[in-house]
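Chemist:
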Amino acid sequence: MTLETCKDEISKAYTFIDNSDYDSAKNLCFSLLKSYSFDEKYKTNLALKAQIYNIIAEINLRQTDFELAYKYAIEAEQYAISAQSYFEKTTSKYILAQWYIYKQEYYKALECIYEGLEFIPDDDIRGLKYFGYIHLSNVYSEIREYSKSLDNLLLALQYFETLNKPRILGKIYTDIAEVYSSLEDRNTSLYYLHKALDLHRSIGYDRGIAFLHLQLGLYYFHSKSYDTSLQFFSKSLVYFEEFSIPRGIGVVYANMGDVYFEQLRYDDAYEIYNKAIDYFEQVNDSHLQNLLNFKKAKIYCKKQFSLYSFEKAEQILLESVTYFKQSPTQVELKEVYLELVNLHKEHEHWKMAFLYFELYNATEIEVAKTRSLLEIRNNEFKNKMLLSEKEKVITERLLSQMLPTGIASKLLKKQDVSEQFDNCSIMFIDLVGYTKIADSMSPENIFTVLNYIMGQIDIIISNNQCERLKTIGDCYVAMCGIPIPNVEHTLKIAKSAIDVMNNLNIPFEIRELLPSNYTINFRIGIHCGSVRAGIIGEERFQYDVYGDSVNVASRLETQGEAVRIHISEAFAKSISEYPEFSVVPRGEINIKGKGLMKTFWLEKAK
Numbered sequence: 126m127t128l129e130t131c132k133d134e135i136s137k138a139y140t141f142i143d144n145s146d147y148d149s150a151k152n153l154c155f156s157l158l159k160s161y162s163f164d165e166k167y168k169t170n171l172a173l174k175a176q177i178y179n180i181i182a183e184i185n186l187r188q189t190d191f192e193l194a195y196k197y198a199i200e201a202e203q204y205a206i207s208a209q210s211y212f213e214k215t216t217s218k219y220i221l222a223q224w225y226i227y228k229q230e231y232y233k234a235l236e237c238i239y240e241g242l243e244f245i246p247d248d249d250i251r252g253l254k255y256f257g258y259i260h261l262s263n264v265y266s267e268i269r270e271y272s273k274s275l276d277n278l279l280l281a282l283q284y285f286e287t288l289n290k291p292r293i294l295g296k297i298y299t300d301i302a303e304v305y306s307s308l309e310d311r312n313t314s315l316y317y318l319h320k321a322l323d324l325h326r327s328i329g330y331d332r333g334i335a336f337l338h339l340q341l342g343l344y345y346f347h348s349k350s351y352d353t354s355l356q357f358f359s360k361s362l363v364y365f366e367e368f369s370i371p372r373g374i375g376v377v378y379a380n381m382g383d384v385y386f387e388q389l390r391y392d393d394a395y396e397i398y399n400k401a402i403d404y405f406e407q408v409n410d411s412h413l414q415n416l417l418n419f420k421k422a423k424i425y426c427k428k429q430f431s432l433y434s435f436e437k438a439e440q441i442l443l444e445s446v447t448y449f450k451q452s453p454t455q456v457e458l459k460e461v462y463l464e465l466v467n468l469h470k471e472h473e474h475w476k477m478a479f480l481y482f483e484l485y486n487a488t489e490i491e492v493a494k495t496r497s498l499l500e501i502r503n504n505e506f507k508n509k510m511l512l513s514e515k516e517k518v519i520t521e522r523l524l525s526q527m528l529p530t531g532i533a534s535k536l537l538k539k540q541d542v543s544e545q546f547d548n549c550s551i552m553f554i555d556l557v558g559y560t561k562i563a564d565s566m567s568p569e570n571i572f573t574v575l576n577y578i579m580g581q582i583d584i585i586i587s588n589n590q591c592e593r594l595k596t597i598g599d600c601y602v603a604m605c606g607i608p609i610p611n612v613e614h615t616l617k618i619a620k621s622a623i624d625v626m627n628n629l630n631i632p633f634e635i636r637e638l639l640p641s642n643y644t645i646n647f648r649i650g651i652h653c654g655s656v657r658a659g660i661i662g663e664e665r666f667q668y669d670v671y672g673d674s675v676n677v678a679s680r681l682e683t684q685g686e687a688v689r690i691h692i693s694e695a696f697a698k699s700i701s702e703y704p705e706f707s708v709v710p711r712g713e714i715n716i717k718g719k720g721l722m723k724t725f726w727l728e729k730a731k
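Numbering (the numbering used here), first residue to last: 126 to 731.
(1) I'd like to check one pair, Ile649 with Gly685: are the Cβ atoms closer than 8 Å?
(2) Using only alpha-carbon positions, find the residue among Leu681, Ala730, Tyr178, Phe696 that is nearest to Gly720.
(3) Take Ile609 as the anchor and find which of Val602, Glu544, Gln667 has the nearest alpha-carbon.
(4) How many whole angstroms separate the CB atoms of Gly333 and Gly295, which I take to be in contact at a CB cut-off of 8 Å?
(5) Under a Cβ-count criterion, where at least 16 other Cβ atoms within 10 Å of its own Cβ denotes burial, should Arg372 be classed as buried or exposed?
(6) Tell me which residues share the same chain as Ile585 and place their Cβ nearer than 6 Å to its Cβ, disregarding the 5 neighbours each side in the sequence.
(7) Candidates Leu417, Glu457, Leu468: which alpha carbon is nearest Ser434's?
(8) Give the single residue among Gly606, Asp583, Thr615 whose Cα lies nearest to the Cα of Met595.
(9) Among Glu713, Glu694, Lys437, which residue has its Cα nearest to the Cα of Leu727?
(10) Thinking Tyr227 and Phe191 are a contact (beta carbons under 8 Å), I'd like their distance in whole angstroms, please.
(11) With a CB to CB cut of under 6 Å and the five nearest residues on each side skipped, what residues in its chain are close to Ile607?
(12) Tell me the rounded alpha-carbon separation between Asp555 and Glu200.
(13) Flag this pair as touching only if the stretch 458-475 and the stretch 442-449 have three or more C-beta atom pairs under 8 Å; answer yes or no.
(14) Can you check whether the CB of Asn170 is closer than 8 Å to the CB of Phe163?
(15) For Ala563, collect the residues of the same chain with a Cβ closer than 7 Å to its Cβ; drop the 5 residues on either side in sequence, then sort them by chain order.
(16) Does the stretch 417-427 come into contact with the stretch 196-216, if we say contact requires no fewer than three beta-carbon pairs (one atom in each stretch) closer than 8 Å?
(17) I'd like to know if Gly252 contacts chain B, where contact means its C-beta is closer than 8 Å to some C-beta of that chain.
(18) Could you compute how far the alpha carbon of Arg636 sits from the alpha carbon of Thr683?
(19) Hey, Tyr317 and Tyr298: beta-carbon distance below 8 Å or not?
(20) For Lys717, which residues from the same chain have a beta carbon less than 6 Å from its beta carbon, with the 5 sequence-adjacent residues on both sides left out?
(21) Under 8 Å between the Cβ atoms of Ile551 and His652?
(22) Is DSSP giving Gly712 helix, strand or coil here?
(23) For a test of the three-state rule: what should DSSP assign to Glu236, helix, strand or coil?
(24) Determine the contact status of Gln388 and Tyr351, defining contact as a CB-CB distance below 8 Å.
(25) Take every Cβ of the stretch 334-343, pair it with every Cβ of the stretch 355-366, and state whether three or more of those distances are shorter than 8 Å.
(26) Cα-Cα, which of Leu186, Tyr330, Asn380 is closest to Thr353?
(27) So, helix, strand or coil for Ser348, using DSSP?
(28) For a quick check, are the C-beta atoms of Cys591 and Ile618 less than 8 Å apart?
(29) Below 8 Å on the Cβ atoms is my guess for Tyr195 versus Gly257; work out the distance and round it to an integer in Å.
(30) Using the three-state DSSP reduction, which class does Leu629 fall into: helix, strand or coil?
(31) Starting from Gln545, trace the beta strand (DSSP E) both ways and give me its first and last residue.
(32) For Gly382, which residues in the same chain have their Cβ closer than 6 Å to its Cβ, ignoring the five residues on either side in sequence?
(33) For the alpha helix (DSSP H) containing Leu413, name the first residue and the last one.
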């Protein structure tokens with residue numbers, strides 16, 4: 126199998142997922158892992174492997190098998206790290222966040238999402254950052270920080286509206302509706318549900334329409350408008366049945382059963398819960414099966430039910446106890462114990478009722494402890510995030526002062542900052558004779574003079590859209606076209622050189638620190654060409670440039686003359702298109718490491 130064939134097969138897997146055919150998608154992924162030879166020497170292969178594991182993890186998420194989702198997301202993350210694939214690495218983090226939501230470890234979920242966001246480069250064209258905002262909104266909704274949830278959804282909405290992505294927009298509108306529902310602003314919630322429905326109708330997205338009918342059914346269920354709720358559930362069911370989506374059919378039946386239960390139509394509820402369970406068995410969703418079995422037990426407790434049975438109700442409730450004890454949360458278990466209490470009270474089994482009441486209380490205490498612990502951890506995480514944000518701002522500010530524009534943010538995101546630049550200019554500026562006279566000056570005066578001069582050059586360089594690379598003693602190295610490309614790099618660096626030579630004024634208080642017989646003069650060398658730039662070092666790092674062009678610029682400075690700007694032939698040709706400069710031939714000189722080279726003096730045109 127070729128690389129392209131493997132990619133085509135992965136595309137097919139996504140199509141299966143879109144059609145809710147999760148088993149076919151999963152089987153295809155496992156087949157690819159067996160049949161395609163992933164040579165792990167190549168990052169492309171590692172990234173593909175990470176992608177396949179992420180797909181399997183995503184499918185398990187949708188099938189509510191969180192344990193397997195976690196397992197495959199961890200595998201995907203390891204391959205993504207080796208492949209240096211920010212997309213797959215971030216995707217893994219988003220999936221892991223869903224695992225922590227399931228575990229109710231919301232602080233961990235937030236941590237995963239924020240870590241995922243850190244991997245995303247500024248030039249990401251896939252909108253991965255904005256999917257992260259949607260994930261953040263879901264977590265903030267879980268911890269009832271609804272204002273933060275809305276803020277993140279609105280950020281995502283603003284981005285996806287510009288891209289005209291109706292399916293994603295429909296999902297965002299639906300999420301916004303759920304937040305407003307949680308805030309008990311039912312009118313606004315209904316507005317966004319219909320907005321999402323209209324959007325899906327406009328593009329003929331039937332699956333989206335089916336889901337929105339389901340959401341509207343839930344809206345009217347919670348409003349106790351049961352007949353209207355059933356109408357929307359029935360419409361939703363037609364779509365899910367047309368596309369043979371077993372999970373969707375099961376969810377609709379389960380919700381219709383809830384309506385019948387509230388309407389005291391226990392026989393109808395029992396029958397339709399059984400239908401729902403059959404569909405959840407098809408997709409191996411044991412959690413929803415057990416949840417519906419618990420609801421069936423509640424029906425068996427009702428004397429109006431035609432199959433009313435104390436024994437059957439108790440049997441199913443005890444089975445539910447066994448299952449929900451394994452759940453990471455104990456909320457459902459508490460509800461089961463309460464149902465057992467009521468069942469035995471009704472039959473005057475006071476001893477058993479008291480026993481289950483004690484178990485109910487013990488479970489409630491555990492639930493309260495868990496919630497309290499989670500709240501403490503969430504608060505710790507919030508404080509940690511606030512501190513981290515402050516530290517990040519300070520760190521980025523310091524790095525921005527130390528490094529060229531844009532490099533600090535890339536470094537903080539752990540992105541590669543090593544790049545090749547084919548069109549740039551390098552300039553070396555030397556303070557002529559300063560090394561000799563420095564011996565007669567105090568260290569304090571040396572620092573004061575150099576600090577002032579280098580600061581003034583910084584201003585000139587910055588005003589001309591150039592960057593300081595570094596200073597070496599009394600030598601100043603500047604560049605243009607690095608790290609941000611600039612088509613006018615020769616013009617900008619030439620202006621900087623002329624300004625340094627002609628417009629750098631030294632005030633009296635600085636000049637009086639120098640020996641009386643010393644006059645401040647500069648010697649400048651400039652060349653243009655290609656260089657390699659990047660960070661050197663791990664802890665005490667420095668951004669630097671390397672290559673023949675750097676060496677030539679350095680040699681031009683050392684072999685130049687005071688109060689003159691020495692340039693290469695390549696730079697002279699490039700600058701000749703700008704009438705504000707003139708170049709004067711110097712002739713051929715021997716440049717160390719290069720041999721004889723034609724060089725020129727750069728001057729301001731008269």
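We put the CB at the ideal spot given by N, CA and C, even for glycine.
All values reported here derive from a predicted model rather than from experimental measurement.
Modeler: Short version:
(1) Their beta carbons are under 8 Å apart, which means Gly685 touches Ile649 by this criterion.
(2) The shortest C-alpha separation from Gly720 is found at Leu681.
(3) Closest in alpha carbon position to Ile609, among Val602, Glu544, Gln667, is Glu544.
(4) The Cβ separation is near 5 Å, so the contact holds.
(5) Looking at its Cβ environment, which holds 16 or more other Cβ atoms inside 10 Å, Arg372 is buried.
(6) Non-local beta-carbon contacts of Ile585 in its own chain, meaning distances under 6 Å to residues more than five positions away in sequence, involve Ser621, Asp624, Val625 in chain order.
(7) Among Leu417, Glu457, Leu468, the Cα nearest to that of Ser434 is on Leu468.
(8) Per the sequence shown, residue 595 should be read as Lys rather than Met. Comparing C-alpha distances from Lys595 to each of Gly606, Asp583, Thr615 shows the shortest one belongs to Asp583.
(9) Ranked by Cα distance from Leu727, the first of Glu713, Glu694, Lys437 is Glu694.
(10) Confirmed, Cβ separation roughly 4 Å.
(11) The residues are Phe546, Cys549, Ala658.
(12) In this model, Asp555 and Glu200 are separated by some 54 Å (Cα to Cα).
(13) At 8 Å Cβ cutoff, the stretches touch.
(14) Yes; because the gap between Cβ atoms is below 8 Å, this pair is in contact.
(15) Counting only residues of its own chain and dropping the five nearest sequence neighbours on each side, Ala563 has a CB closer than 7 Å to the CB of Ile571.
(16) No: fewer than three Cβ pairs fall under 8 Å.
(17) Protein chains in the displayed structure number just one, and chain B is not present.
(18) Going from the Cα of Arg636 to the Cα of Thr683 covers about 25 Å.
(19) Yes, they are a contact pair.
(20) Contacts found: Arg680.
(21) Pairing Ile551 with His652 gives a Cβ-Cβ distance under 8 Å.
(22) Looking at Gly712 - three-state DSSP - the assignment turns out to be strand.
(23) Secondary structure of Glu236 (DSSP, three-state): helix.
(24) Yes, they are a contact pair.
(25) Output reads yes: the stretch 355-366 touches the stretch 334-343.
(26) When each option's Cα is compared against that of Thr353, the closest is Asn380.
(27) Three-state result, Ser348: coil.
(28) In this structure, Ile618 lies closer than 8 Å to Cys591 by Cβ.
(29) Wrong, their Cβ atoms sit about 19 Å apart, outside the cutoff.
(30) Reduced to three states, the DSSP call for Leu629 is coil.
(31) Start and end: 544-556.
(32) Taking Gly382 as the centre and dropping the five residues before and after it, the same chain places the C-beta of Ala394, Ile397, Tyr398 closer than 6 Å to its C-beta, in chain order.
(33) 411-425 is the span of the alpha helix (DSSP H), which, as asked, contains Leu413.
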